[in-house]
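Start counting the sequence shown at 6; every next residue gets the next number (our numbering).
Quick notes on the structure that follows.
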Amino acid sequence: MLRNQNISFLSKNRNATETVLIIIFERAPYHPFFSQIVLFPSPKSDSSRRIIKIKIKPPNSPSRRTQIKPQSLLQMAPIDPHSFTDSTHPLTTHVSLTLYFHFPSSTIHATALLALQTPHTGPLSLDTRALTIHNILDPATLTPLSFTLSPSEHPIKGRLLTVYLNNNSSVLILYSTSPSSSALQWLSPPQTSKKIHPFVYTQCHPVHARSVFPCQDTPAARVCYSAKLNLPRELSAVMSARHCDRHDPVGTDLDGVLTNEESGFDLKSLWCEEGRIVEEFVMEQPIPPYLFAFAVGELGFREVGPRTRVYSEAVDGVLDAAAREFAGTEEMIRQAESLFGEYEWERFDLLVLPPSFPYGGMENPRMVFLTPTVIKGDASGAQIVAHELAHSWTGNLITNKNNEHFWLNEGFTTYAERRIVEVVQGKDIAALNIGIGWRGLNEEVERFKDNMEYTKLKNNQEGVDPDDMYSRVPYEKGFQFLWRIEHQIGRPAFDEFLKKYIATFKFKSIDTDTFLDFLKANVHGIEKDIDLQLWTEGTGIPPDAHEPVSNLYIKITSLANDFNLGRIPREDEVASWKGQEWELYLNNLPRTVEPSQVLALDARYRLSESKDYDVKVGFLQLAISSRCRDYYGEVEKTLKEVGRMRYLRPLYSDLVQGPGNEEDKILAKRLFAEARECYHPIAQGVIEAIFAKHV
6 MLRNQNISFL
16 SKNRNATETV
26 LIIIFERAPY
36 HPFFSQIVLF
46 PSPKSDSSRR
56 IIKIKIKPPN
66 SPSRRTQIKP
76 QSLLQMAPID
86 PHSFTDSTHP
96 LTTHVSLTLY
106 FHFPSSTIHA
116 TALLALQTPH
126 TGPLSLDTRA
136 LTIHNILDPA
146 TLTPLSFTLS
156 PSEHPIKGRL
166 LTVYLNNNSS
176 VLILYSTSPS
186 SSALQWLSPP
196 QTSKKIHPFV
206 YTQCHPVHAR
216 SVFPCQDTPA
226 ARVCYSAKLN
236 LPRELSAVMS
246 ARHCDRHDPV
256 GTDLDGVLTN
266 EESGFDLKSL
276 WCEEGRIVEE
286 FVMEQPIPPY
296 LFAFAVGELG
306 FREVGPRTRV
316 YSEAVDGVLD
326 AAAREFAGTE
336 EMIRQAESLF
346 GEYEWERFDL
356 LVLPPSFPYG
366 GMENPRMVFL
376 TPTVIKGDAS
386 GAQIVAHELA
396 HSWTGNLITN
406 KNNEHFWLNE
416 GFTTYAERRI
426 VEVVQGKDIA
436 ALNIGIGWRG
446 LNEEVERFKD
456 NMEYTKLKNN
466 QEGVDPDDMY
476 SRVPYEKGFQ
486 FLWRIEHQIG
496 RPAFDEFLKK
506 YIATFKFKSI
516 DTDTFLDFLK
526 ANVHGIEKDI
536 DLQLWTEGTG
546 IPPDAHEPVS
556 NLYIKITSLA
566 NDFNLGRIPR
576 EDEVASWKGQ
586 EWELYLNNLP
596 RTVEPSQVLA
606 LDARYRLSES
616 KDYDVKVGFL
626 QLAISSRCRD
636 YYGEVEKTLK
646 EVGRMRYLRP
656 LYSDLVQGPG
666 NEEDKILAKR
676 LFAEARECYH
686 PIAQGVIEAI
696 FAKHV
């Protein structure tokens with residue numbers, strides 16, 4: 006263990022041509038710098054050595070010098086560009102949490118008991134963000150353990166928590182969250198539907214679990230967990246875990262010593278206060294930290310199947326509409342099992358969150374989180390549920406090792422979703438889904454034309470915030486890759502391969518090379534028929550990707566082409582259209598048309614008033630890009646009533662992009678200032694990044 010030391014890396018052979026790296030640092034949180042180290046032979050010159058120095062030295066620190074071997078230095082490497090997790094440290098296998106929810110301060114006072122794979126001596130690196138660490142104990146003896154917290158916060162990784170262990174197999178951390186936690190959105194009563202009680206929920210994907218509890222916040226570190234949530238009695242909780250009990254708080258709920266006089270942290274006295282209730286949960290299957298999830302509020306539910314309840318705020322209208330929209334969920338589960346094997350998670354419950362939820366859905370096991378915008382009134386919102394259900398096999402059972410291989414989660418899941426949709430809703434609807442995705446992929450490639458690295462399936466994300474580069478590329482290019490393999494070997498053979506893939510790697514986290522090795526081992530000669538490297542490491546869209554083929558798809562795209570000639574579809578041509586048909590039509594219109602054309606289209610079909618936000622926002626994008634300001638009032642209303650980034654990102658982007666657009670930029674900044682507090686912190690950050698680039 007190296008602490009409060011100056012370190013130099015020196016060769017034993019002083020006459021060799023080499024690079025000498027001298028690192029001087031303050032104390033143990035040193036390994037982030039090692040991740041940046043690459044050793045090169047020095048160019049041949051008269052000088053026998055080239056010296057690089059990195060100095061990080063606090064005032065008044067004793068100066069001692071220790072030599073370490075190059076191979077030791079190189080072993081100290083992170084396994085994830087977005088995490089401080091060190092590959093030389095044991096991974097966490099189980100986390101036990103006690104969480105006390107203090108709504109007035111928007112904080113959680115908590116303990117986290119982390120169990121490790123093996124006993125460990127030396128530093129243990131953990132990820133945190135916006136956490137106050139009160140104390141860290143050896144749970145066996147309740148004696149304090151030494152720890153350090155990096156003095157400043159890395160913009161992507163947060164703050165490195167280093168705990169110094171001496172043959173410890175577990176650690177107990179006493180901590181509190183802060184109102185600035187990037188995973189948590191706290192809603193005051195006026196921000197909820199009934200406006201009586203507060204509400205809080207998590208969104209931990211991709212790198213935000215560290216703002217809820219200290220952890221190795223990488224998909225490579227799968228954990229089981231248990232949790233005790235202490236909340237106001239009038240509220241209830243759900244989690245991505247099995248519910249075990251609801252009971253009055255008792256002192257035995259708490260593990261270890263939960264007071265720390267120096268910090269004023271005293272969970273024991275808070276725990277048994279009047280008016281509180283404890284909900285207990287357990288997740289017995291190992292999951293990546295980003296799938297940790299909870300929601301606390303005044304919740305109600307409806308039964309929609311033997312394995313499914315729909316939850317939401319306790320508002321009858323919302324619950325009844327959700328129950329109707331998702332009535333076919335059990336049939337989807339059965340069809341998915343026939344395609345991919347047994348459903349491993351027991352329950353498949355759904356939670357419809359308040360409108361601020363930043364995603365369409367989040368595949369938290371046992372409790373999928375959904376935006377209310379998926380309730381469209383025609384059961385078409387079930388396609389989002391099909392996607393989240395598919396994650397139960399691809400993403401949750403088999404997980405990308407880190408976000409550089411995100412396509413392994415989303416490309417597989419998009420493929421699986423469309424197979425489910427094809428069986429349940431028919432081939433034409435599946436083709437529409439593929440067509441919308443194809444158009445979206447082309448738009449994303451155009452969006453990233455200045456940074457084509459982001460159009461690769463396997464990409465370099467060192468120094469990149471995964472929220473900023475989130476796009477449809479891993480979904481749609483990943484789908485196209487798997488679809489290409491299916492076309493090459495035939496569906497029966499691909500189905501056999503897919504089931505074997507799931508059975509082989511379930512409850513594991515893998516990377517692209519692992520998948521490709523498995524593919525080549527099980528589909529002999531595939532590398533001769535398909536350029537696997539071009540698909541996974543090449544930029545843009547490979548030449549053997551293609552659009553879907555169906556009569557309905559061809560009809561809709563043909564009608565969209567007619568719009569260029571000034572022809573709006575007749576009512577009899579669109580009489581059977583639902584949201585997806587209109588979405589595909591709008592996606593294939595020219596980006597900019599005459600304002601009179603926008604007005605004429607809306608006069609006939611009232612798309613600006615659609616209850617389907619995919620249709621409404623698609624139309625509003627057309628209005629903005631065509632500078633048809635008649636609809637800016639509807640743009641303002643939309644940006645203030647929903648927080649889903651699928652809608653926020655394009656609307657704000659269209660308002661602020663392009664020269665000579667100062668009036669729209671001023672409008673965008675005003676709307677964001679007025680709506681900001683209603684957005685989840687993740688969405689706030691994404692919009693701020695858009696402004697930083699264009700305003």
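Each residue gets a CB set at the ideal place from its N, CA and C atoms; glycine is no exception.
Everything numeric in this text was worked out from a predicted model, so none of it was measured.
* Residue environment, Phe218, which counts as buried when at least 16 other CB atoms sit within 10 Å -> buried
* Asked: Just reading off the alpha helix (DSSP H) that Glu532 is part of, what are its end residues?
  -> Ile531 to Asp534
* Since I believe Ile629 is in contact with Val640 (beta carbons under 8 Å), could you give me their beta-carbon distance rounded to a whole number of angstroms? => 7 Å
* With a cut-off of 8 Å, do at least 3 Cβ pairs link the segment 415-431 to the segment 566-574? -> no
* Alpha-carbon spacing of Gln626 relative to Arg611, whole angstroms -> 15 Å
* Asked: How many whole angstroms separate the CB atoms of Ala226 and Thr207, which I take to be in contact at a CB cut-off of 8 Å?
  -> At roughly 18 Å, the Cβ-Cβ gap does not stay under 8 Å, so Ala226 and Thr207 are not in contact.
* To do: Kindly confirm or deny that the segment 198-207 and the segment 148-156 touch, where touching means at least three C-beta pairs closer than 8 Å.
  => no
* Sequence-distant residues of its chain with Cβ nearer than 7 Å to Asp222 (five each side left out) -> Ser88, Asp132, Val212, Ala214, Arg215 and Pro294
* To do: Taking 8 Å as the threshold, find out whether the segment 346-354 comes into contact with the segment 504-522 through three or more Cβ pairs.
  => yes
* Could you spell out where the alpha helix (DSSP H) holding Pro237 opens and where it closes? => From DSSP, Pro237 is part of no alpha helix (DSSP H) but of the beta strand (DSSP E) over Val228 to Pro237.
* What separation, rounded to the nearest whole angstrom, lies between the Cα atoms of Leu413 and Arg477? -> 13 Å
* Relative to the C-alpha of Ser130, which residue among Ile161, Leu165 and Thr112 is closest? -> Leu165
* Asked: For Ile138, does the three-state DSSP call read helix, strand or coil?
  -> strand
* With distances taken Cα to Cα, identify the nearest neighbour of Asp248 among Ile84, Arg352 and Pro83. => The residue you asked about is not Asp; residue 248 is His in the sequence shown. When each option's Cα is compared against that of His248, the closest is Arg352.
* Asked: Where do the ends of the alpha helix (DSSP H) carrying Ile292 lie?
  -> Element bounds for Ile292: not the alpha helix (DSSP H) but the beta strand (DSSP E), Arg281 to Ile292.
* **Other residues of its chain near Val603: CB distance less than 7 Å, five sequence neighbours each side excluded** => Leu627, Ala628, Ser631 and Cys633
* Go through its chain and collect everything with a Cβ distance to Met457's Cβ below 6 Å, but skip five positions before and after it. => Thr544
* Would you call the segment 320-338 and the segment 270-285 touching, i.e. three or more CB-CB distances under 8 Å? -> no
* **Entirely enclosed alpha helix (DSSP H) segments - the segment 490-543, minimum 4 residues** => 496-510, 517-527, 531-534 and 537-542
* Within 10 angstroms of its Cβ, does Ser615 collect 16 or more other Cβ (buried), or is it exposed? -> buried
* Extent of the continuous alpha helix (DSSP H) run through Glu393 -> Ala387 to Ala395
* Which partner residues does Thr207 have in the DSSP bridge list? -> Leu189
* Exposed unless 16 or more other CB atoms sit within 10 angstroms - verdict on Gln466 -> buried
* Considering only the beta carbon of each residue, do Cys774 and Glu289 sit closer than 8 Å? -> Limits of the chain in this structure are 6 at one end and 700 at the other, which puts residue 774 out of reach.
* Asked: Taking Asn235 as the reference, which of Ala115, Ala246 and Leu591 has the closest Cα?
  -> Ala115
* Close-in-space but distant-in-sequence residues of the same chain around Glu588 (CB under 7 Å, 5 per side omitted) -> Ile441, Asp619, Val620 and Gly623
* To do: May I have the straight-line CA-CA distance separating Ala605 from Glu576, to the nearest angstrom?
  => 13 Å
* Asked: Can you pull the DSSP bridge partners for Gly302?
  -> Ser241
* To do: Taking Pro195 as part of the beta strand (DSSP E), name the residues at either end of that continuous run.
  => Where Pro195 is concerned, there is no enclosing beta strand (DSSP E), given that its DSSP letter is neither H nor E.
* Does the beta-carbon distance from Thr643 to Tyr657 come in below 8 Å? -> no
* **Nearest-angstrom Cα separation, counted from Pro600 out to Asn369** => 43 Å
* To do: Starting from the Cα of Pro160, find the closest Cα among Ala508, Phe696, Asp472 and Phe484 and give me that residue.
  => Asp472
* Asked: Would you report the Cα separation of Leu521 and Pro553, rounded to the nearest angstrom?
  -> 25 Å
* Give the DSSP-derived three-state secondary structure of Met474 in the structure shown. => coil
* **First and last residue of the uninterrupted alpha helix (DSSP H) at Ile113** => Unbroken run through Ile113 is the beta strand (DSSP E), Thr112 to Thr133; no alpha helix (DSSP H).
* Cβ of Gly256 within 8 Å of any chain C Cβ -> Within the model displayed, chain C is absent; a lone protein chain is all it includes.
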